[in-house]
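Chains as they are written, first to last, in this note's numbering: chain A, 1 to 217; chain B, 1 to 351; chain C, 1 to 453.
For each residue, glycine too, the CB sits at the ideal point set by N, CA and C.
Remarks on the structure that follows.
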Amino acid sequence: MDLLEFARGPALQWAAYILVAGSIWRIVGILLLKEKSDFSEPRKRAGLGSALKVVYTRSFTAPPFAKATMYPKMMAYVQHVGLFAVVFLFVPHIMFFKGFLGFEWPGLPNSVIYVFGVAAVVASLALLIRRVTSPVLRLISNFDDYFSGFVAILPIATGLLIPVRLGIRYEDLLAIHILSVVLFMIWLPFGKLGHVFLVFITRGTTGIAFERRGAKT
Amino acid sequence: MKKTPTVGEILQAKGVSRRGFLKYCATTASILALPPSMIPRIAEAIENARRPSVIWLSFQECTGCTESLTRSASPTVEGLIFDAISLDYHHTLQAAAGDQAEAARHAAMEENDGSYLVLVDGSIPLANPGYSTIAGISNVDMLKETVAGAAAVVSIGSCAAFGGIPGADPNPTGAVSVMDIVTDKPVVNVPGCPPIPMVMTAVLTQFLTFGTLPDLDKHGRPMAFYGKTIHDRCYRRPFYEQGRFAETFDDEGAKAGWCLYKLGCKGPITYNACATTKWNSGTSFPIESGHPCLGCSEPNFWDKGGFYEPLSTGKFDSGERLAGAAAAGVALGVAAAAAGRRKQSKFAKEG
Amino acid sequence: MTTVDGRHKLDREAERLAYKPPEVRHDKQGDMDSNERIDKAMWNFLKNFNTQTASYLDGCLHCGMCADACHFHVRTDDPQYTPIWKIELFKRTYKRNVGPFAFFYRLLGLKRKVTIEDLEEWQHLIYDSCTVCGRCSLVCPMGIDIAGLVSMARHGMFKAGLIPHELHEVAKRAAETGSPLGITPDKFEDRVDWMADEHDVEIPMDVDKADVLAVMSSIEIQKYPQSIAATAKILNAAGESWTFRTDGFEATNFGLLSGNPEWQKTASMKLIDAAVKIGAKTLVLPECGHAYMALRWMGANMYGKPLPFKVLHISEYLADALNTGKITVKKVDKSVTYHDPCQVSRRGGATQAARDVIRHLGVDFREMEYGGDYNWCCGGGGGVVTITRADPLRHRVFKLKMDQVESTEADELLSSCANCRQSFDDCQEHFGWDYTMGSLMEMVAENLEEGQS
Numbered sequence: 001m002d003l004l005e006f007a008r009g010p011a012l013q014w015a016a017y018i019l020v021a022g023s024i025w026r027i028v029g030i031l032l033l034k035e036k037s038d039f040s041e042p043r044k045r046a047g048l049g050s051a052l053k054v055v056y057t058r059s060f061t062a063p064p065f066a067k068a069t070m071y072p073k074m075m076a077y078v079q080h081v082g083l084f085a086v087v088f089l090f091v092p093h094i095m096f097f098k099g100f101l102g103f104e105w106p107g108l109p110n111s112v113i114y115v116f117g118v119a120a121v122v123a124s125l126a127l128l129i130r131r132v133t134s135p136v137l138r139l140i141s142n143f144d145d146y147f148s149g150f151v152a153i154l155p156i157a158t159g160l161l162i163p164v165r166l167g168i169r170y171e172d173l174l175a176i177h178i179l180s181v182v183l184f185m186i187w188l189p190f191g192k193l194g195h196v197f198l199v200f201i202t203r204g205t206t207g208i209a210f211e212r213r214g215a216k217t
Numbered sequence: 001m002k003k004t005p006t007v008g009e010i011l012q013a014k015g016v017s018r019r020g021f022l023k024y025c026a027t028t029a030s031i032l033a034l035p036p037s038m039i040p041r042i043a044e045a046i047e048n049a050r051r052p053s054v055i056w057l058s059f060q061e062c063t064g065c066t067e068s069l070t071r072s073a074s075p076t077v078e079g080l081i082f083d084a085i086s087l088d089y090h091h092t093l094q095a096a097a098g099d100q101a102e103a104a105r106h107a108a109m110e111e112n113d114g115s116y117l118v119l120v121d122g123s124i125p126l127a128n129p130g131y132s133t134i135a136g137i138s139n140v141d142m143l144k145e146t147v148a149g150a151a152a153v154v155s156i157g158s159c160a161a162f163g164g165i166p167g168a169d170p171n172p173t174g175a176v177s178v179m180d181i182v183t184d185k186p187v188v189n190v191p192g193c194p195p196i197p198m199v200m201t202a203v204l205t206q207f208l209t210f211g212t213l214p215d216l217d218k219h220g221r222p223m224a225f226y227g228k229t230i231h232d233r234c235y236r237r238p239f240y241e242q243g244r245f246a247e248t249f250d251d252e253g254a255k256a257g258w259c260l261y262k263l264g265c266k267g268p269i270t271y272n273a274c275a276t277t278k279w280n281s282g283t284s285f286p287i288e289s290g291h292p293c294l295g296c297s298e299p300n301f302w303d304k305g306g307f308y309e310p311l312s313t314g315k316f317d318s319g320e321r322l323a324g325a326a327a328a329g330v331a332l333g334v335a336a337a338a339a340g341r342r343k344q345s346k347f348a349k350e351g
Numbered sequence: 001m002t003t004v005d006g007r008h009k010l011d012r013e014a015e016r017l018a019y020k021p022p023e024v025r026h027d028k029q030g031d032m033d034s035n036e037r038i039d040k041a042m043w044n045f046l047k048n049f050n051t052q053t054a055s056y057l058d059g060c061l062h063c064g065m066c067a068d069a070c071h072f073h074v075r076t077d078d079p080q081y082t083p084i085w086k087i088e089l090f091k092r093t094y095k096r097n098v099g100p101f102a103f104f105y106r107l108l109g110l111k112r113k114v115t116i117e118d119l120e121e122w123q124h125l126i127y128d129s130c131t132v133c134g135r136c137s138l139v140c141p142m143g144i145d146i147a148g149l150v151s152m153a154r155h156g157m158f159k160a161g162l163i164p165h166e167l168h169e170v171a172k173r174a175a176e177t178g179s180p181l182g183i184t185p186d187k188f189e190d191r192v193d194w195m196a197d198e199h200d201v202e203i204p205m206d207v208d209k210a211d212v213l214a215v216m217s218s219i220e221i222q223k224y225p226q227s228i229a230a231t232a233k234i235l236n237a238a239g240e241s242w243t244f245r246t247d248g249f250e251a252t253n254f255g256l257l258s259g260n261p262e263w264q265k266t267a268s269m270k271l272i273d274a275a276v277k278i279g280a281k282t283l284v285l286p287e288c289g290h291a292y293m294a295l296r297w298m299g300a301n302m303y304g305k306p307l308p309f310k311v312l313h314i315s316e317y318l319a320d321a322l323n324t325g326k327i328t329v330k331k332v333d334k335s336v337t338y339h340d341p342c343q344v345s346r347r348g349g350a351t352q353a354a355r356d357v358i359r360h361l362g363v364d365f366r367e368m369e370y371g372g373d374y375n376w377c378c379g380g381g382g383g384v385v386t387i388t389r390a391d392p393l394r395h396r397v398f399k400l401k402m403d404q405v406e407s408t409e410a411d412e413l414l415s416s417c418a419n420c421r422q423s424f425d426d427c428q429e430h431f432g433w434d435y436t437m438g439s440l441m442e443m444v445a446e447n448l449e450e451g452q453s
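Here it is in structure tokens:
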């Protein structure tokens, strides 16, 4: 079995097991913590709608904070949009998803995807630089922050290398790319990349709790 | 003993024009990445070369490789060069049979000890030597015996080079490649199912011309032919970059000649010269005729997922184990939450 | 050999090179060894952990944006005042003990166990430099209610005996005497009588059955007693059947501010029991921010079931009375700006009520830039105003509020929280500031239509 076969086969398979098991572990571990009922008389009815509302609205910065948080917010948008485009709109990736989902959707030309990819890497690096230069971020950052950033950039960087080649063989680059995705999948449930699913719980529960009081969400 | 004619004499006798011969030499030089100044030297070397002795062994194979080389629509220079070599043993092509044939092989081995070439097509079964025998001799024994005095071995086709289709899962005959058995002689792999005729003769030409073997890649293939992927030299590559793909074999994209990635093309990970040398005297190659590359010149090409599955498809199992992983996740989550809650209530009681 | 220039004083103690040794004061209560303190701090934080709070601590991305929302950080640029950093120790302890991967964290030693020195250092962050105003909770891209987590952290700090001395004293006095300022039922009755005479208003006291129970905060009783009269005038004008009660009058809740749930419950239950006893339909809370949080949103949970009466902040009551025409007010020809008490507006959801009242007053209302829900805190909430060692920091932070108020160029500055009022008064004195904080309720009381008061 060569490296590519290993990456596409057992490595990806096990990464999928770990991704699924770890994510469910974390979600269930949080959801099953004890819940206290709130007896206060609600000002507004709050339920799933409030949760979804805040899941959506917190994607945008409230005007008073817009100026102060402009730079990291913009960088984070570029990073997230870039990552989204690269993962879900690159045709070979769509084929990957089709492999187990059974359906596909329209993708973007590769040249456009490269732009998204480069933008995502640049934005990630900008955020990394901010993390090591801002006193606040230096103070509050831990291993997870740096490692998760690394793990998130790696698949995009290795993916961008495939067309560039740099004298490395296509199948080796592809294998390295897939292995970097494997690392991403394995780490995702355990570190802060878990915000992929945690964001729905944090924003959602806040949405319900605050909306219930009629407070600003 | 009668003096053997040179290759040049043979070609002349067969009616090959000087122009046609030089054209062949020029093409070979360019494929081998040699400067044009080398063309006369190639021509001279080929013309004056004594017919080298070649023993061709066919093991577990379909004879497609031989067909590829010999069944051209019209006689080609490649074919003629092939004719020009002293093919002392090839049980498909030779007239001799039985003991005579084996005697010819032994005679060639003895006369040219240390300088003859062994060409092999087909894989070698190890599970049971009786699966494939020639004149009562098992393939593995015949290979070992024959290569003992050879200058080099050329594995023709993917079966000889990598085990090929006989070696595909579940590999009932325990088929292995030539490289797996021959470890003390230079082995050149010329894989493909079948390999491109030009590639086969180019290797022979280099051996005739310079007495050397070509530079090889990590799979033992001549770099000159297997140095780049089909994808990198594919005329449909721009469509790949533009995101224009044929979705089915009969849609507008297929008719317009768009990229066949979605139809399972293995071009990006297949190293071969099809996109440049093409087949049938430069007529076409699979992608040009509308079919995705199968990746036949790569090791284990038969087992690398479906031919019509896009390259980026992951190889996942049925999903039962994934469900198992999900169940394990639930169990771990419940256990973690229970442990946390137990601690919480323990403390709440103790204050 | 040098000679000293006699014209200038030789000051060997003067600050040099801008270095100022930190003023460290770690207050402690009770006799406990360090390990016991650590255990109590951690477990009293963790014991009420639920899905929401767990997801908060698991979900933090360390993006640092909360720092840009916190007045303490914005004014000092000191990274330790980053809101999420204030609960760093508790985040760590959560991951070690209750989180889904607690086992790994402990096994691999990934999260260092909290030390007593850590906790002592964090006293300053959890009390002195957080007013639980919740502005950070609105900037967080993950929607984490950081202020709520600080309140939970206070539960741990209190039980570990690691809270600022002054706050503990005030909270303890509140638990012992029923009032943080030591206002006994007798004293309250005296003050009420005095105000009834002074303002010539009828003030019902200890009535057996009434629809409305009115309560006051100690700060008002002590410092702004005219609030008592104003409350009475309004409720009388509205024609309510109402009363004050000597067995339930104190609206402030220092159990909540200091982080002691038992004291919090005791204080809330007094009000609830009094309201239940007289069969009140409505309990009207005074101009006090945290009282609203304590009773309106936490009261029923202290009670263990839904409250059999409505809880209204006075601004909500006024808005309702004015909107329904129960009371009417004369137009006031002034320009007014309004400071939102965090616990009533941003965190309590009653932002609109005060604006309704102001509309009825017919003033030239000048909303502060990003007023309402995104208002800057007065800096004294969450018990911070009681902590004297935090005064320099609190004054520094108040500058934001001053700028916000001044840019409106309004004649009058109003709020609806006696605690805010108190910290405004203190800062006014400190800075010699022009603006005097006024009371929304008092403005209504003063401008009731003739014949109503």
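The beta strand (DSSP E) spanning residue i covers which residue range?
{"i": "R313(B)", "result": "The sequence given here has Thr at residue 313(B), not Arg. From DSSP, T313(B) is part of no beta strand (DSSP E); its letter is neither H nor E."}
{"i": "N189(B)", "result": "V187 to V190"}
{"i": "A214(C)", "result": "V212 to A214"}
{"i": "W25(A)", "result": "Careful: W25(A) lies outside any beta strand (DSSP E), inside the alpha helix (DSSP H) at L12 to L31."}
{"i": "H339(C)", "result": "S335 to H339"}
Using only the alpha-carbon positions, how far apart do residue i and residue j sit?
{"i": "D206(C)", "j": "F197(A)", "result": "55 Å"}
{"i": "K47(C)", "j": "I358(C)", "result": "43 Å"}
{"i": "L332(B)", "j": "L183(A)", "result": "21 Å"}
{"i": "G248(C)", "j": "D200(C)", "result": "24 Å"}
{"i": "A267(C)", "j": "E250(C)", "result": "8 Å"}
{"i": "T133(B)", "j": "D169(B)", "result": "22 Å"}
{"i": "G214(A)", "j": "R43(A)", "result": "6 Å"}
{"i": "S416(C)", "j": "L440(C)", "result": "6 Å"}
{"i": "E320(B)", "j": "L101(A)", "result": "15 Å"}
{"i": "F249(B)", "j": "C296(B)", "result": "20 Å"}
{"i": "I113(A)", "j": "S345(B)", "result": "52 Å"}
List the residues of chain A whose Cβ lies closer than 8 Å to the Cβ of residue i, in chain order.
{"i": "F316(B)", "result": "L12, Q13, A16, G99 and F100"}
{"i": "S312(B)", "result": "P92, H93, M95, F96 and G99"}
Can you pull the chain A neighbours of residue i, defined as C-beta to C-beta under 7 Å?
{"i": "C288(C)", "result": "Near C288(C) there are no residues of chain A at all, since even the closest Cβ is about 17 Å away, more than 7 Å."}
I need the boundaries of the alpha helix (DSSP H) containing residue i, first residue and last residue.
{"i": "K310(C)", "result": "Per DSSP, K310(C) belongs to no alpha helix (DSSP H); it is in the beta strand (DSSP E), K310 to H313."}
{"i": "L332(B)", "result": "E320 to E350"}
{"i": "T282(C)", "result": "Segment T282 to L285 is the beta strand (DSSP E) holding T282(C); no alpha helix (DSSP H) there."}
Show which residues of chain B have a CB atom less than 7 Å away from the CB atom of residue i.
{"i": "R8(A)", "result": "G314 and K315"}
Identify the contact partners of residue i in chain F, using a Cβ-Cβ distance below 7 Å as the criterion.
{"i": "G29(A)", "result": "Checking the listed chains, one finds no chain F in this structure; the protein chains it contains are A, B and C."}
At a CB-CB cut-off below 8 Å, which residues of chain C make contact with residue i?
{"i": "W105(A)", "result": "Correct list: empty, because the minimum Cβ distance to chain C is about 27 Å."}
Where the stretch 98-110 of chain C meets chain B: residues whose CB sits under 8 Å from a CB there
V98, G99, P100, F101, A102 and F103
Which residues, taken in chain order from the stretch 32-48 of chain A, show a beta carbon closer than 7 Å to some beta carbon of chain C?
L33, K34, E35, K36, D38, F39, S40, E41 and R43
Interface residues of the stretch 138-171 of chain A facing chain B [CB-CB below 7 Å]:
Y170 and E171
If you measure beta-carbon to beta-carbon, which residues of the stretch 322-342 of chain B are closer than 7 Å to chain A?
L322, A325, A326, A328, G329, V330, L332, G333, V334, A336, A337, G340 and R341
The stretch 38-58 of chain C: which residues have C-beta closer than 9 Å to a C-beta of chain A, in chain order?
N48, F49, N50, T51, Q52, T53, A54, S55, Y56 and D58
So, do the stretch 322-342 of chain B and the stretch 27-36 of chain A have three or more beta carbon pairs nearer to each other than 8 Å?
yes
Quick one: any contact between the stretch 185-203 of chain B and the stretch 237-245 of chain B, if contact means 3 or more CB pairs under 8 Å?
no
Listed in chain order, which residues of the stretch 168-200 of chain A have Cβ atoms closer than 8 Å to some Cβ of chain C?
F190, K192, G194, H195, L198 and V199
Taking 8 Å as the threshold, find out whether the stretch 297-304 of chain B comes into contact with the stretch 163-183 of chain B through three or more Cβ pairs.
yes
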